[in-house]
Amino acid sequence: TPSPDLNNLTSLNPLHGRVSAIHATAFFHLFKEDKQLHMARALAGLLSPEPGSVILGAHTGAQEKGVIDQVLRNVEVDIFAHSPESWIAMWDGEVFEKGMVKVEAEFREFINSGERYPLLFWSVTRL
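Numbering (the numbering used here), first residue to last: 93 to 219.
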């Protein structure tokens, strides 16, 4: 089938299984744990079945998965943060059948102007 006209899309449905690269930075940490899984499955549905197709990004993370307190623009918020291990397990086994993707995830902490930013950098690549 021909590629959908991106200029006239009103829904992501025509892109199901057709997208070779998805960049999702500063996105997942906006949701609670169950909704993060839901969003991951939604993005996975857009991904092309071709080997090498990739979803990648970075967002608030933690060394141990769980709810963390973070101050954003002087407002304290609770954010669910995955660890590298829980993020890898979610994608490789829950979102995709185990062994169908290569998942890389690295936790790094940055400090800028006295603010602590715990970040998870990651990629999910179809094998």
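Built from N, CA and C at the ideal position, the CB exists for glycine as well.
List the residues that DSSP assigns as beta-bridge partners of residue i.
i           : result
residue 216 : 147, 195
residue 204 : 207
residue 170 : 161
Would you kindly check if the distance between the Cβ of residue j and the Cβ of residue i is under 9 Å?
i           : j           : result
residue 146 : residue 113 : yes
residue 191 : residue 219 : yes
residue 213 : residue 175 : no
residue 116 : residue 139 : no
residue 168 : residue 162 : yes
Assuming residue i and residue j are in contact, meaning their beta carbons sit under 8 Å apart, how far apart are those beta carbons, in whole angstroms?
i           : j           : result
residue 188 : residue 128 : Not confirmed; about 15 Å, so no contact.
residue 132 : residue 183 : 7 Å
residue 153 : residue 210 : 6 Å
In the structure shown, what three-state DSSP assignment does residue i receive?
i           : result
residue 165 : coil
residue 156 : coil
residue 211 : strand
residue 120 : helix
Within the continuous beta strand (DSSP E) that includes residue i, where are the two ends?
i           : result
residue 113 : 113 to 115
Any heavy atom of the ligand NAP closer than 8 Å to the Cβ of residue i?
i           : result
residue 184 : In the structure on display, the ligand NAP does not appear, and there are no ligands present to speak of.
Grab the span of the alpha helix (DSSP H) containing residue i for me, first residue to last.
i           : result
residue 135 : 125 to 138
residue 181 : 176 to 183
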